[in-house]
Every structure is written in structure tokens, then in C-alpha cells.
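J.:
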Amino acid sequence: MIEFAKQYLNAGLSVLPAKRADKRPAVGSWKAYQYHLPTLTEVDAWFSNPQDGLCIIAGAVSGHLEMIDFDNGGELFDAWHQQIPAELFNRLVIEQSPSGGWHVVYRCQNPVDGSMKLAERKTDGKVKTLIETRGEGGLFLCAPTDGYELMQGEFSAVPVLSDTQRQVLLDAAYALNEYVPAPAPLPTPSDPGDWSSLRPGDDYNVRGDVEALLQKHGWHYVGADDTNQKWRRPGKSAGISATLHRTDRVFYPFSTNCAPFQHRTGYSPFQVYATLEHNADYSKAAADLARQGYGQKPSIHSASADDVDISGIVGGDDTDDDETFISKIRWNGLRIKTLAEMEASFQGLNKPIIHGLLREGETMNIIAAPKVGKSWLVNSLSISIASGLDWLGFKVDSGRVLLIDNELHENTTTYRYKEVSRAMAFETRYYNKNLTNIPLRGHLQDLHALKELFAEFRPGLFKVIIIDAFYRILPDGTDENDNGAIAKLYNSLDIYAAQLKCAFILIHHTSKGNQANKSVTDVGAGAGAQSRAVDTHLTLRAHEDDDTVVMDAATRSWPPLKSVVLRKQHPLFEVDRNADPTALQGAEKKREPKKQFTLEEFVETCVAKNDPCSLCSVVYEADQFYGLSEYKTKEMLEAAQERKLLVRMKIGSKMKYIKNRDGFGNEKGQWAAALLIHNPTMDVQEIADQVGVSRQYVYQLRQQISCQQTVNWEKVT
């Protein structure tokens, strides 16, 4: 495998060893290789040990490499192949994966996008990806990894395609898409009129001839399959640019040159009409359709002085069933939805940004006491998001970051980023164009003023906007202890996050006094709304050890997180897995377990009955029997090992604990004895092979155990 790795490296590919089963690199900090090639020395070192897989990182680092991945057993590969000109198809590098899927690999003349979903299918309420790309920052396993077989071309000679040739490949895949997201909801008009019975746009969605409309504006009908009609944009002589779903009539342009439509966005027939005929002015489009006879206004009934007419208040029609009646209720631009409707439109949770902590459209607090180092921590977080490097063990999806800094001068911020990069051994050139800053020290602006700044941004421009510090953007006169006022500010941030398709991270300080005995959501100065209004509330509290803090987080869209101890290694923080996260500075000490026990009893109860056993097993037993924390359990194991009450040895790829039983010799003897005690009928040869000793030796141990058990039985009787 090392020879292939060297060939790929010589061809300018960022190649790494991989764990085949996990489909991920077999090196620790691998994300740096998204930006620079490994050295030959590194490749030699990695592959000097046995490796069962090889992977390539796509994107600029590998010469603008991109891979199209045909999943689900490659069921759409043949249909895609039929749409590709032979002279183009024959140039591609193509391999088959163990599942029967296909990888199509090529280089591009210009930078490629991040990974993209090209074709999906919705089955039983779940959306499944059928074709996707591995682009900038992505990776894929490849031959000669077991099960991956090159069917055409060589990775040492990947072809370079023009933008036009690449688009042919992508458009052919887009044309096989079977799932289109629901069109975006229409903006609420300032004067919607009285169309509570049937609005013109809704009527056009049912009766409008969207096909004729497209042809009027130069679109060409290409053909259809069971799911979609296929359309070609004006000015294009071949290929497919968009689909029109045959059932729900959603128009889905996927070509990047489909102006005035946005690519990879679903349009209802009314939205198509408004876009093509009225430059996306929905009010004018609705008025025009009304003049053409679309829509239906409700009849008007007069009311006598003795009869109060509430028809203007109560929506719907008395003849409607409840479900239809509910669907017609509108309030402040909102409507009531049944769970059935929500399930039908459900497309999954928002895109992750910090896996385990934060998603697009969410807000997160980072709370710590002054001078703890939270701004340094935010520097490293900003770099991780801008580059895609993991942050404190959390996977991060890369994107552009804006830091709104109202505490530091610009030169101080620049210095800190350079210092953090130096400590990370990660040059700023790999991310500095993705990290932006607006210094507000000396130019303080409140959140309402920042609204004008946010209005300048287009959606998706920034993945994350960080505000350091939150208390400095509070409008004049705002009491941070006023729940109502604080809740309104967070509601504004929710609106901005939705409009900008980003997440907000707010840096905030703790209240005065001891924080150790508070729940996570009670840590933070001001009203309780500051923790309850956000999606993630992350806190840093002092540990009883010097230069150490405990990180906790309460999350809304992620599973609960365990407390983590961070140790300062200025200017960085590093996770300390061996420190006790319950040892908060100033915390009330927990009482020792009421049940008293000796070290020998601990080994007998938590190790001997299941040995050889893993650390996880021992921790579980210690918690069940003695109420011990993981930290205390590790202390007990170390003490028992020092007293030679147990042995710790590597079995397979993991460390296991075994009770040290008298008379059974070294580690292998203890291992074999444990197997015999727990599995008396186990085949002697099987034990000998597993432990690596002779069959005769195992027979001797079995006889010895039998004698001991006889003696023990006689003592009892």
C-alpha cells in the first residue's frame, strides 16, 4: 500500500492512511492536510505500520480534485452514464466501492465547491442521498483499499476538466434527483387584501400552465421520466438545467446559469410566474393573476344592528372539516400546522456547524468569569470554524466567521490570532480569508444599530457571527436582569440568524459570587432568559486545580454532553481527560459513599467477576456498587495495581484489567485462569490459542483451579 501512497503523493494528491471500517483517516490531526500535502517522510512513517485503508482529500490541496459518489448500490450510475458523451466519460477515473457504489474522479481548472448533494429520494418521510460530491475539504477511501477496485483510469493520472465539462457531469446527476425541498414560504404582503377563500397565487399553483410560461421565456422541454419533466435553460443547446416535478409541480433549477432563478431552489408555479413576469414582485403578480380571473374572494353578508357579524374575525367556512378550517387560519403571517403537515415538510435538523454544540440558525452563549481566558478560547474557536479544524474534540464544518469585537483593539486581535496560530502550528494563510473582524472598541454600537450592518449581508455569507462581549451591545437603558427585555433581544438574534442563514455566538460574563453549586443554565449574569432563550448555553467554571476550568453545556438540538476539564496551555486550552470534572472550585464536597469497602473488595466486585474487563466495565460496576465517579474509579485501579491486586495488560487493541490470583504466574497465566474460571467448559485449545500459551499449560491451570475449588468447598462444609 505504501507504493500506491507514494504514487498518489507524486501525482499531487493529499493521500493519508485510513481506517477502512470507520471511513476516516488513521492519523490524528488530519485536517491540516486539507491545506498542504503530506511530506514523503510522513507517508513513510505512516505506512511503516500496517494500514488497511487509503484515502484522498479533495479540493484545492489535490489540484482542485472532485469526486462524484453514487451511493445506494450505485443504482443511478447507469442512468447517469447514458447522459455523458463517450469522449468525456472515457477520460474519467472510475472505481467501484465495496457496497457496489461508484466513485467518479476528476480535477477542475478552477476551485470546486464543498461537498454537494446532487440527487436524493424521500422514502417513508426520510430523505436519502443517492448521488453527492466530495469537494473542498472532503475525503474518500480509494483503491487499493480492500473492496475498492479501479475500473477505469489511474489516480496517478487524473484528468483536468473545463468548467463546462464539469457542469455536464453535475447536470446529468441533478437531472436524476427525485426529491425537491418545498418552495420557500412567500413573504407576507403589506396589503394582502381579502382573499381568505382562495388566493390568486394558490389558484395558479393548481390551474396555471407553468409549462407554457417556461416556453414563453425561452426554456426548452427535453423529456420526462416517472418523476420529473426535464427542462433546458435559454441559450443552452444541450443538456438539462432544471426539473419540474410531475406531482407537486415544483420547478427546480440546478444549473448555476439559470437567472433570474436561484440554482438548487424549489419554486412553486406561482413563484415561477412572479419571477419571470414580475421580477419576483409577488404582490404585483397576485394582482395581475386576479385580473386574469385567478382566486376567489368570499361572499360578503350584511349584518343588522341586532346581529353581530364576526365573519371578518373568524376565518374559514362552516362547511369545512376541522383540518381544512385550521389550514385557513392566519395570524401575524403565521399559520397553525398539524403534525402531519410538519412531518411531510420535515427535511431534518438544521445543518451542523460545531457537531454536538451548534447548528445553522441557532444561538450559543459562552459564559465565563472575567480574565478566565474566554476571548483566547474564542480565538481558537474562530480559527477552527474558518479552517474546519476540530475544536476541543468537536468536529467543525468550515465557513466564514465574523467577529464583532467591542473589547479589543484591532492590533490586539491580530496579535492574538497570530499567537494562537503559532501555538497550533497552523499558519494563518490557511484560513485568514475566511476570518473577518469589525472592531467596535471606541465605536460601540447596540444590537439595534447592528441591524443596519446585518442588512448589508447576503444570506450564507457568514457561517458564524461572534459578538464579544454581549453586555456591550445592550441598548441604552436595558436592564440585563429584565427577562422581557433580554428575551426580545434574543428574539431579534433569532430573526437575524434565520435571515442570514448563520449562527450567533455570544460571549458573556458570569454573575458575581460562587458559580460551583449552580446548575449550568443558572451560570451567567442577568435574567434567566439569557440562558433559556438560546439553543446552547456553554459555561466555563474554575476547577480546584490552578489554570484549569470545567466546561459544561446545555443544548437544545443535541444529546446531553458530559462535563470536560480544560487545562490552560497559554494561549490554548487542552482537554484533560484525567482530571475530575466534579472538582469545581468552591463546590460543596460530596459525602463519601456510605458503603465502606476495602481495596480487595473493590477488585473482587468490580474486576474479578467479569475479567478480563475494560475500563468502561469497571467504571460501570464501581458506580453501581459503590457510587464511585470515573475519576475515583481510576484512582482505585491505580492503587490496586500498585498493591499487585490486579494486572493491566493489552488484549487485542484494548487494555484490560484482570484480578491477580495467587499461584497463576504472569499476565498470560492470569488471563488463562480468568477464562477458565468464567468459562469452565471452554475448549482448552481455544484458550491456548487465544492467550498464546501451550495446551499443556492450560491443562495444568485447569487442574490447579479444580484443586483450589475442592479445598474451598471442604472449608465451607
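The working numbering puts the first residue of the sequence shown at 80, with every later residue one more than the last.
No residue lacks a Cβ here, since even glycine has one placed at the ideal position from N, Cα and C.
#1: Residue ranges of each beta strand (DSSP E) run of no fewer than 3 residues wholly in the stretch 556–631, ordered along the chain?
#2: Go to V451, then tell me how far its beta strand (DSSP E) extends in each direction, as first and last residue.
#3: How about A261: is its C-beta nearer than 8 Å to some C-beta of chain B?
#4: Less than 8 Å separating the beta-carbons of A448 and T589?
#5: When the Cα atoms are used, what is the spatial distance from L514 to G748?
#6: Could you round the C-beta distance between M80 and L133 to whole angstroms and report it? I think they count as a contact, below 8 Å.
#7: Looking at the unbroken beta strand (DSSP E) that takes in L514, where does it start and where does it end?
#8: Taking DSSP as the reference, what is the three-state secondary structure of L460?
#9: Taking C692 as the reference, give the member of L323, Q341, K729 with the closest Cα.
#10: From the DSSP output, which residues share a beta bridge with F652?
#11: From which residue to which residue does the beta strand (DSSP E) around V499 run?
#12: Given this structure, state the Cα-to-Cα distance separating Q648 from D547, to the nearest angstrom.
#13: Taking its Cβ as the centre, do 16 or more other Cβ atoms sit within 10 Å of R508, making it buried, or is it exposed?
#14: Using DSSP with H/G/I as helix, E/B as strand and the rest coil, what is C239?
#15: My output table needs one value for C692: the three-state DSSP class, helix, strand or coil.
#16: Can you confirm whether the stretch 184–193 touches the stretch 95–115 when touching is taken to mean that 3 or more C-beta pairs between the two stretches lie within less than 8 Å?
#17: Quick check on this structure: which residue in D242, E257, R646, K450 has the alpha carbon closest to the alpha carbon of L197?
#18: Would T618 and V602 qualify as a contact pair, given that the criterion is a beta-carbon distance under 8 Å?
#19: Report the residue from C786, G731, S785, I784 whose alpha carbon sits nearest the alpha carbon of G771.
#20: Should the stretch 476–496 be regarded as contacting the stretch 459–467, the criterion being three or more beta carbon pairs within less than 8 Å?
#21: Give the list of continuous beta strand (DSSP E) stretches no shorter than 3 residues that lie fully inside the stretch 392–437.
#22: Just curious, the alpha helix (DSSP H) that M195 is in, first and last residue?
#23: For S383, I'd like the list of residues in its chain whose CB is within less than 6 Å of its CB, leaving aside the five on either flank, ordered along the chain.
#24: Round the Cβ separation of F333 and V351 to the nearest angstrom and send it over; I've been treating them as touching at under 8 Å.
#25: V172: which of S178, H434, Y185, I163 sits nearest, CA to CA?
#26: Please name the residue or residues paired with V480 in a DSSP beta bridge.
#27: Give the DSSP-derived three-state secondary structure of K641 in the structure shown.
#28: What's the call for I135, buried or exposed, on a 16-neighbour Cβ count within 10 Å?
#29: Check for me: the beta strand (DSSP E) holding K98 runs from which residue to which?
#30: Between P271 and R409, what straight-line distance do the alpha-carbon atoms span, to the nearest angstrom?
#31: Could you spell out where the beta strand (DSSP E) holding F168 opens and where it closes?
#32: What is the residue span of the beta strand (DSSP E) that W181 lies within?
#33: From this set, Y550, N89, R520, which residue's C-alpha is nearest E233's C-alpha?
#34: For D305, which of helix, strand or coil comes out of DSSP?
#35: Have a look at the DSSP bridge pairing and note the partners of D148.
#36: Please list, in chain order, all residues of the same chain as W125 whose beta carbon is under 6 Å from its beta carbon, the five residues on each side excluded.
T.: Quick answer:
#1: 582–588, 615–621
#2: Premise fails: V451 is in no beta strand (DSSP E) and is neither H nor E.
#3: In the displayed structure, chain B is absent; only one protein chain is listed.
#4: yes
#5: 58 Å
#6: 6 Å
#7: 514–518
#8: helix
#9: K729
#10: K647
#11: Here V499 belongs to no beta strand (DSSP E); instead the alpha helix (DSSP H) covers 489–503.
#12: 22 Å
#13: exposed
#14: Sequence inspection shows Val at residue 239; the Cys mentioned does not correspond to that position. Looking at V239 - three-state DSSP - the assignment turns out to be strand.
#15: strand
#16: no
#17: E257
#18: yes
#19: G731
#20: yes
#21: 431–433
#22: Where M195 is concerned, there is no enclosing alpha helix (DSSP H), given that its DSSP letter is neither H nor E.
#23: Confidence in S383 is poor, its pLDDT being 42 and thus under 50, which makes the residue's placement unreliable; the coordinate value appears in the next sentence. No residues qualify anywhere along the chain.
#24: Incorrect: roughly 15 Å between the Cβ atoms, too far for contact.
#25: Y185
#26: L514, V543
#27: coil
#28: buried
#29: 93–98
#30: With a pLDDT of 43 at P271, under the threshold of 50, the predicted position of this residue should be treated as unreliable, and no value is reported.
#31: Looking at the DSSP string, F168 is not in any beta strand (DSSP E); the run it does join, the alpha helix (DSSP H), is 165–168.
#32: 181–187
#33: N89
#34: coil
#35: H182, E211
#36: P96
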